[in-house]
Every structure is written in structure tokens, then in C-alpha cells.
Amino acid sequence: MATTEMERPDGGGLGTRAWRALTAVPRSWNRFWRRVSLYMPKRLYARSLLIVITPMILLQSVVAFVFMERHWQTVTVRLSQAVTRDIAGIIDLLDTFPQPESYAQIIRIAQERMSLKIDLLPPEPLPPPGPKPFFSILDQALSTEIRRQINRPFWLDTVGNSNIVEVRVQLDDKVLRVFVRRSQAYASNTHIFLLWMVGTSLVLLTIAIPFLRNQIRPILQLTEAAESFGKGRPMPPNFRPRGAEEVRRAGFAFIQMRERIERQIDQRTAMLTGVSHDLRTILTRFKLQLALSGSKIDREALSQDIDDMQSMLEAYLAFARGEAAEDPGRFDLTSYLDKLGEEAKLRKRKLKVTLVGEPEVHVRPNAFSRLLQNVVGNAFRYAKEVEVKAVHDRGMLVVMVDDNGPGIPEEKREEVFKPFFRLDEARNLDSTGTGLGLAVARDIARSHGGDIKLSDSPLGGLRAMIRVPA
6 MATTEMERPD
16 GGGLGTRAWR
26 ALTAVPRSWN
36 RFWRRVSLYM
46 PKRLYARSLL
56 IVITPMILLQ
66 SVVAFVFMER
76 HWQTVTVRLS
86 QAVTRDIAGI
96 IDLLDTFPQP
106 ESYAQIIRIA
116 QERMSLKIDL
126 LPPEPLPPPG
136 PKPFFSILDQ
146 ALSTEIRRQI
156 NRPFWLDTVG
166 NSNIVEVRVQ
176 LDDKVLRVFV
186 RRSQAYASNT
196 HIFLLWMVGT
206 SLVLLTIAIP
216 FLRNQIRPIL
226 QLTEAAESFG
236 KGRPMPPNFR
246 PRGAEEVRRA
256 GFAFIQMRER
266 IERQIDQRTA
276 MLTGVSHDLR
286 TILTRFKLQL
296 ALSGSKIDRE
306 ALSQDIDDMQ
316 SMLEAYLAFA
326 RGEAAEDPGR
336 FDLTSYLDKL
346 GEEAKLRKRK
356 LKVTLVGEPE
366 VHVRPNAFSR
376 LLQNVVGNAF
386 RYAKEVEVKA
396 VHDRGMLVVM
406 VDDNGPGIPE
416 EKREEVFKPF
426 FRLDEARNLD
436 STGTGLGLAV
446 ARDIARSHGG
456 DIKLSDSPLG
466 GLRAMIRVPA
């Protein structure tokens, strides 16, 4: 089967231009929606209200436009035709019976049969045209009909008295002034339809807004529970899966996931605790045998090796446990920074501390203290000058630790967070030399829902940035 030019993306002429135009449509559509998304509300509650309100407004706008265009305008035109026809009939009567004694009967007939109040004025010039009303449908319809049916000079006032329309028509030797009730020439009850439409919309919104709020509240509670779990805090006491079936299923899945993670952590901690207990027993036996040994071996060196093994064992256990069992509480940054000042004096280091914001943060105090001690302790160990700046603002705590030490190569800055990883001139070594200092620190930070990042310091060494929700 032959391939048409339109089907060949690599063809020339019209086919290539058409193909490019077709392929450009999805890109243009995607760009349009990206721009629209910038102005869209970000919260689910606002978007849900938008989903309810937008179609309702569009529907009502279309209905109102059709009603105004078809019904209101049509009725107004027909009423204006009837009023103009009555005025034309009066003019015909005046032309047929020009005697002044007939005017009284014509005025009576107009008032009783046509509900028009008419006056015959001297042949003076018509007033100048007045301002047009904002909604000029009556002015346009009545003017059009007077030109079509009467075709005489006229003056029209639809702006003055809101219940009366005044019409003046220039006759041969007189001016006919007619007062018409606005309701005779204008569909004045259309506001009732608009009021009903707006009223029913308000009733709908009054019902929809609380309903949407009740549907979204379980999602917000699930979000709060997940954030608390990510920050290492206990689950909110009032949390229970409820709402729509999909939201309840997500809630039950989250609870089961949390239970599995906590069970796994408990099992790991229990296993390592048992291993630690058994190894401690063996190490204690080694110490006792060394103490009772009468041989000439170097007991001091062996004792030091056993102490180092015990310290390493404690470090491994602390890393595996991760301080997960500690309850959240208040941590006073001011007191901790004062202690850092005393430690800097003992180590003969130059320390500068800055605290911005509220000094109390909501974290697991012992774990967070260990996090800061590992990071700042490394800075004290490898640098002579250290700066610590803590900023607590809008529920987020940022601690920056800068030093003028040797730093860490950029390609190794993620490696040093791995457990037991050691550099030749390791900066992640804690006092026991196990290589767990920064690994424990990042583990604690992430258990709080935060993290630690390393970068270059303005002092020439390393910058450690700690960010945790607080």
C-alpha cells in the first residue's frame, strides 16, 4: 500500500509542515498545563473545592448567558414591540381626529385601555439625548421598535425614575409625551431567576464544603501519622483509619508497615543485646584469667586490647540500636552550646557559637546530643578553629558546623557515612576508632526526618549541615 505524504515524517513540502504541526500540539498542551499548574492551589482541600466550584460556575454562566440572550432579550423585545404598537396607535388616532376636543377622549382611551399616561406638549424641540444605561437592553429594544414602527423623531429616557419610562415623539404641530410602566416594556422579573440560581449554588456549597472537609480530614491525619513516624515520634493518639475505603486501606497499610518496621528493629536490638551479653561474659572471663595469670606475658597490652574490644562492642550495639527506644522531648540548645564552649576550652580550641530562633527544640534529647557530639567532636579533633551556628525557624532546625581542618575530598563525602568506613586520615572516627561517628550521626538525623550534608567550609575545612524538623 502506498504511503501518502502526510504519513511520511521525513517527507518534504506540505507533509513535513503538517507533521511538525501535529507533533507540536502535545508540547504546546504540556507547556500550557505547566503554566496553569503554577497558579493552581497546592492543597487537596482547595483543589477539591475547585473541582466542585468550577463546573458549577461554568454551568451557571452558560445557563445565565443563554437565559439572558434568549429569554430575557426576547421577552423584552416583544414587550417593547407591544408598547410601541400602542404608541403608534395613539399617533394614528391623533392624526385621524386632529380636533382639540377629541384629545381628552384619546387620553382617556390610552390610560384605560393601554395603561399609558400621555400628554400633548407644545411643538418645542426635543431634549438632548441622555446618558445610556449600563445594561441598555431596554433602551436598544425600545429605540429600535420606535424607529421601525413610528419613524419619527423621538426622545427616550430609561434612566430616570426606575419604574417609569418616558417617551417623547415629535409630531407635526405638537409633541406626544408618553409615560409607560417599566414592567410593560421590560422583563423586570429576571432577577428572580438569578437569585434562585445563586441561592441554590450557596446551598450546594454549604453542603459540599463540610462534606469535603470530612473526606479530607482522614488523609491529613494519615499524613500527620506518617510524618510523626518519619521523625521518630509516637503515632498521634487519635489516629485510626476512617473515611473512604481507599483512605482506610491506606491507613491500615501504614499501620501494618509501621508494626513490621518496629518489630524488625526490636528483633535486631534483642539479637544484638544477646550477642553483646554473651561477648561481655567472655571478655570478663578473659580479664579474670589475665588477673590470675602468673605467666610473664604482657598483661597490660592484653588488657588494653580487651578494653578496646569492649568499647567497640558497645559502639556496634549503640549503632544498631539507634536510640530508637527514646521518647521525644525538649532539648535546650543554649545549655548544649555552653557545654561545647567548656569542651573547647579543655581541648584548647577556638569556638564561635551563634543561635538564631527559639532555643528549645522537640527531638529525642539523648540521641540528638550524641548526633551533635559526633559531628562537633570530629571538628574539635581535626581543627583548631570551629564555628557552630544553629537556626531554628518555622519548625526546622539547621545546625552548621564549620572548621579549618584538612577537610574530606568531595568524592569521599558520602563514603564516610557508611558504617566502619575509614579514611587514611579519617575524620569519621569516634573516640573508639570504630569508624561509626558520622554513620551514627546520620542515622540519628534521618530517624528524626532530617539529614546531614557535607560541603566546603568558608574557614577552609569542612562544613557539616544538619537539618532536622523540630
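Offset between the sequence shown (1-based) and this note's numbering: plus 5.
A virtual CB, placed ideally from N, CA and C, is assigned to each residue, including glycine.
Cβ neighbours of Asp-124 within its own chain (closer than 7 Å, five residues either side excluded): Arg-182. Here Ser-120 is exposed: its Cβ has fewer than 16 other Cβ atoms, across all protein chains shown, within 10 Å. The same chain holds no residue with a CB closer than 7 Å to that of Arg-32 once the five nearest residues on each side in sequence are set aside. Counting the other CB atoms within 10 Å of its CB gives Gly-346 a total below 16, which places it among the exposed residues. Between the alpha carbons of Thr-89 and Leu-147 lies a gap of roughly 7 Å. Counting only runs of at least 4 residues, the region 132-173 fully encloses the following alpha helix (DSSP H) elements, listed from N- to C-terminal order: 142-154. Going by beta carbons, Ile-260 and Phe-373 fall outside the 9 Å limit. For Met-470 and Ile-457, the gap between their C-alpha atoms comes out near 6 Å.
Proximity to Asp-407 across Val-421, Glu-390, Gln-86 peaks at Glu-390, based on C-alpha coordinates.
Of Pro-103, Asp-144, Ala-69, the smallest CA-CA separation from Leu-200 is found for Ala-69. Boundaries cannot be given for Gly-466, as no beta strand (DSSP E) includes it and DSSP labels it neither H nor E.
Judged by DSSP in its simplified three-state form, Asp-408 adopts strand. Less than 9 Å divides the Cβ of Arg-335 from the Cβ of Glu-365.
Under a 10 Å Cβ-count criterion, His-76 is classified as exposed, with fewer than 16 other Cβ atoms of the shown protein chains found around its own Cβ.
Per DSSP, the beta-bridge partners of Gly-334 are Val-368. Shown here, Met-45 sits in coil according to DSSP, grouped into three states, outside any helix or strand.
Straight through space, the alpha carbons of Thr-149 and Thr-101 are spaced by roughly 25 Å. Thr-286 and Glu-415 have their C-alpha atoms some 43 Å from each other. Secondary structure at Ile-413: coil, using DSSP grouped into helix, strand and coil. In this structure Pro-127 is exposed. Its beta-carbon is surrounded by fewer than 16 other beta-carbon atoms within 10 angstroms.
Rounded to whole angstroms, the gap between the alpha carbons of Gly-466 and Gly-412 is 5 Å. The beta carbon of Leu-84 is closer than 6 Å to those of Ala-190 in its chain, skipping five residues each way along the sequence. Note that the C-beta distance between Ala-446 and Val-380 is below 9 Å. In the DSSP secondary-structure assignment, Gln-175 is bridged to Val-180. Closest in C-alpha terms to Glu-232, from the list Glu-267, Leu-464, Ser-452, Pro-463, comes Ser-452. Contact check between the region 152-167 and the region 34-53: fewer than three CB pairs, one atom from each, fall below 8 Å, which does not count as touching.
Non-local beta-carbon contacts of Leu-131 in its own chain, meaning distances under 8 Å to residues more than five positions away in sequence, involve Pro-158, Phe-159, Trp-160, Arg-173, Gln-175, Val-180 in chain order. Looking at the DSSP output, Val-396 sits in a beta bridge with Val-361, Val-403. One alpha carbon belongs to Ser-462, the other to Ala-388, and they sit about 12 Å apart.
For Lys-344, the secondary structure class from DSSP, reduced to helix, strand or coil, is helix.
Minimum Cα-Cα distance from Gln-86 among the listed residues Pro-246, Arg-352, Ala-192 corresponds to Ala-192. With contacts defined as CB atoms closer than 9 Å, Gln-154 and Ala-93 qualify as a contacting pair. When only Cα atoms are considered, Leu-64 and Val-57 end up about 11 Å apart. For Phe-184 and Gln-220, the gap between their C-alpha atoms comes out near 59 Å.
Within a 10 Å sphere around the beta-carbon of Phe-37 sit fewer than 16 other beta-carbons, which makes this residue exposed.
Rounded to the nearest whole angstrom, the CA to CA distance from Met-202 to Pro-333 is 54 Å.
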